[in-house]
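Written out below as C-alpha cells is the structure these notes cover.
Residue numbers (our numbering): 54 to 143.
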C-alpha cells in the first residue's frame, strides 16, 4: 500500500481575500499558484484568474429522491493558463 498523508488545508473566506487585495489597484491581474503536490508550493504552476461564479450542482433522480440542483454558497474561482504561445493539442 502506498504511503499517504492527511491534507486538510484551510480554505480562505471572503473576508481574508478582501483583506489580502485591499491595497491592489483595480487593474492588477490576479494570479493563482497551484501546488504541484499537496501543500508543496516550492514548485507550482501559475495561472490567471479568468472568472468567478456560484457553481450549480446537479443530481439526477434516483428511485427514492427527485432530480435536484443546488447553487453552492461558496464562490468558485476559475483559472486559465497565462498568456503565451502554446502548441495546439489534438
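From the three backbone atoms N, C-alpha and C, an ideal C-beta is built for every residue, glycine too.
In terms of Cβ geometry, residue 133 and residue 101 form a close pair [threshold 8 Å]. Beta-bridge partners assigned by DSSP to residue 123: 110. Per DSSP, the unbroken beta strand (DSSP E) holding residue 88 starts and ends at 84-90. For residue 70, no beta strand (DSSP E) segment is defined; the enclosing uninterrupted segment is the alpha helix (DSSP H) at 67-74.
Counting along the chain, the unbroken beta strand (DSSP E) around residue 132 starts and ends at 129-134. Note on geometry: alpha-carbon atoms of residue 129 and residue 110 lie some 12 Å from one another. Linking residue 138 to residue 62 through their CA atoms gives a straight-line distance of about 33 Å.
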